[in-house]
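First up is the structure itself, then whatever we jot down about it.
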Amino acid sequence: MLVYSGKLKWYHYGVDETFAIVLPSSPVRVGDVAHLFSQWTVDSNGVEKANWSSHLTVSKVSKTESGDDTFTLPGSYYSWEITSQQAYGKLSATMSNPAQDKSTMALDRIWQSKGEQSVGTGRIWFGKINWSQFALNELAIFIVPEGFGEGKPVLSLWQWTRDSSGNKKSPSFRDAIQKQEAGTSSGVTFSYHSYYDLACAWDAKSEKLGVHMSEYGNTKDLGQFPLSAVIEGHSHDWNPPEAAPTKAELEVRLPQAQPSLTRILTPLPFPRTLIDTLAHTAAFVDQAGYLAKYAEERYRLLDADLHLRSQELNAANTENGELKDQLKKLTDDLNVEKVKVANLEAALNEARNQGINDKAALTKKINELEDLLRKGSDHDAEDHRALEAARKAFEAERVAKDDLQKRLDAALLALSAAEARLKTALSQISDLEARVIDLEAQLSVEKKRTEQLQAENSGLSKELNIVKAQLRQRDADLAFTQKELKQAKEDILEKDDEIEGIKKERKAAEDIRDHKELAFKNLKKKTDAAIEELEDKLRAAGLQ
């Protein structure tokens, strides 16, 4: 704990009033609570000497160019920006309001914990003191920084209205040691002496501190001081201080009932130090992250390939359906053509038979007519007309036969072409069916491989989540350890500075001692010389 004292300066409301700041530790960290105490010369309601206190949480800490800390204390109306100086030996506090009015005040450190911090609970009481003509309704602060106990420190700070030297608004700080007195089961009673004798009684139920003060026969009860702050001590606290928590809404899920990873119980090459262990853990987690990313990328590629194969299969199925439809159409057309060819062949055969019969009849008739002509040339005109008609009929039958033959040849050609197309379509269908079977086999293999990879990826994802959680915890531990190491280094530097200061003081003291020894030797020489001279004079005078 560190206690600082200075003067409050805030327009006519706070004119040179005693101002105290109590910090729980140094260096200040985000989440620490700073305690500020003072009184208004006159407040906004016109009340004189009204006590005020603020217990504000540190929201931000930054470093200045000189290496000092600057931290902010946001309040409901007044806010503070405080900068440490000389390794927290002094503070520069800037007070501001919403109108951006500002005032900067300097405070000196008047007390700090010595050695290891106590784990006891510190308490601060804040009230008013009235003492003779020196303190009239002035602020008073009592602190037990390390809790109650024999030999533990007790601090008091109040303001004199006018001290014995006539100075107005003079602060009076006392640093003493508790002496435990017999008390009750409901509280603690102790006393201390620091020019004044003070007897204090703390009531555990009300948390108030009763103070009785005496000096050379003057005695007075200063009254009951209400508790203003409780400071929990921290000694070698592993966890860093946390900022004030905020409420949030989020979805939660139950963890896995069984561990996802098998615990390794065989000997492992563990490093010796915490930092090395965290560094190796980070390296293993990084390797696990690489494997998880590789598996995820492999799964993504296989999934994309699976989708591509599915699209190809769908296209092949569509093409197969279209070819089957085309085959059915060609088959139907072929059947129609076959019927047409059969009809044409029947008609052709009938025409051939009819032609043969007609030809035979005409030939017979022509032969008969020619026989008649040969037998006599005196046939009449009617016979000539009959012969001519027979010739024309024969010619017509011949033309019809030729036309029927052409139609038959065309039908046979169309039938041959249809049969060729049918063979081609059947061949294409056979190839496509073979390709579909091959694609379905590949798809089945890829599906099994994908299911296997999905199972592996699910396991890797679980492992990755566990490792990430462990990594976050290790990172937090590492960050805290690094912070603790940094704090330890700063403490060492501070101790080195103190040791250096002590060495300088010792050197100065040794120089003064050597100077005094030299002066003593010179004086002794002079004294011895003077004594010897006096003895010589006495001997010369015959007195010795």
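Under our numbering, the first residue of the sequence shown carries the number 137, and numbering increases by one thereafter.
For each residue, glycine too, the CB sits at the ideal point set by N, CA and C.
Quick check on residue i: does DSSP put it in helix, strand or coil?
i, result
"H372", "Per-residue confidence for H372 stands at a pLDDT of 49, beneath the threshold of 50, marking its modelled position as unreliable; the derived number appears in the next sentence. Residue state, collapsed to three classes: coil."
"T402", "coil"
"L421", "For clarity, residue 421 is Val in the given sequence; the question names Leu instead. If DSSP states are grouped into helix, strand and coil, V421 belongs with the helices."
"N485", "helix"
"T467", "helix"
"N303", "coil"
"K383", "coil"
"Q175", "strand"
"R165", "coil"
"V366", "strand"
"E153", "strand"
"E286", "coil"
"R534", "helix"
"N503", "helix"
"A676", "helix"
"R298", "strand"
"G637", "helix"
"F656", "helix"
"A235", "coil"
"V572", "helix"
"L390", "coil"
"A550", "helix"
"G491", "helix"
"G681", "Any question about residue 681 goes unanswered here, given that the chain covers just 137 to 680."
"L480", "helix"
"L579", "helix"
"L498", "helix"
"S321", "coil"
"E671", "helix"
"Y426", "helix"
"Y213", "coil"
"S566", "helix"
"Q590", "helix"
"S446", "helix"
Can you pull the DSSP bridge partners for residue i?
i, result
"L159", "L138"
"L410", "None; L410 has no bridge partner."
"A170", "L192"
"G346", "A337, Q360"
"S228", "T219, A242"
"S198", "T206"
"A440", "In DSSP, A440 forms no bridge with anything."
"D311", "L291"
"Q248", "L138"
"Y332", "S330"
"K121", "Here the chain covers residues 137 to 680 and nothing more, so residue 121 does not appear."
"H148", "W146"
"Q316", "F326"
"K280", "Contrary to the premise, residue 280 reads as Val rather than Lys in this sequence. Answer is R259, bridged to V280."
"E184", "V178"
"E626", "Answer is none; E626 lacks a bridge partner."
"E351", "N354"
List the whole-angstrom C-beta distance separating residue i from residue j, where the pair is believed to meet the contact cut-off of C-beta under 8 Å.
i, j, result
"W247", "D311", "6 Å"
"L575", "L449", "5 Å"
"S189", "S364", "6 Å"
"F361", "W261", "4 Å"
"E282", "G256", "5 Å"
"A229", "I157", "7 Å"
"R557", "L466", "6 Å"
"P102", "T413", "Outside the displayed span of the chain (137 to 680) sits residue 102, for which this structure offers no information."
"N453", "V572", "7 Å"
"K264", "N187", "7 Å"
"K315", "E153", "Incorrect: roughly 32 Å between the Cβ atoms, too far for contact."
"D103", "A223", "The chain is shown only over 137 to 680; residue 103 falls outside these bounds and no answer can be derived."
"I367", "P160", "6 Å"
"L533", "G491", "Before going further, note that residue 533 is Glu rather than Leu in the sequence given. With 8 Å as the limit, E533 and G491 qualify as a contact, their Cβ atoms being about 5 Å apart."
Cβ contact check for the segment 341-353 and the segment 315-332: 3 or more pairs under 8 Å: With three or more CB-CB distances shorter than 8 Å, the segment 341-353 counts as touching the segment 315-332.
At least 3 beta-carbon pairs within less than 8 Å: the segment 158-170 vs the segment 185-198: With the cut-off at 8 Å, the segment 158-170 and the segment 185-198 touch.
Segment contact, 8 Å Cβ cut-off, at least three pairs: the segment 139-158 with the segment 235-250: Contact between the segment 139-158 and the segment 235-250 is present: three or more C-beta pairs spanning the two stretches fall below 8 Å.
Segment contact, 8 Å Cβ cut-off, at least three pairs: the segment 258-276 with the segment 294-310: Segments in contact, yes.
Inter-stretch contact at 8 Å, needing at least 3 Cβ pairs: the segment 174-185 / the segment 207-214: Per the Cβ contact rule, the segment 174-185 is not in contact with the segment 207-214 (fewer than 3 Cβ pairs under 8 Å).
The segment 524-536 contacting the segment 497-505, beta-carbon criterion three pairs below 8 Å: Cβ pair count under 8 Å is three or more, so yes.
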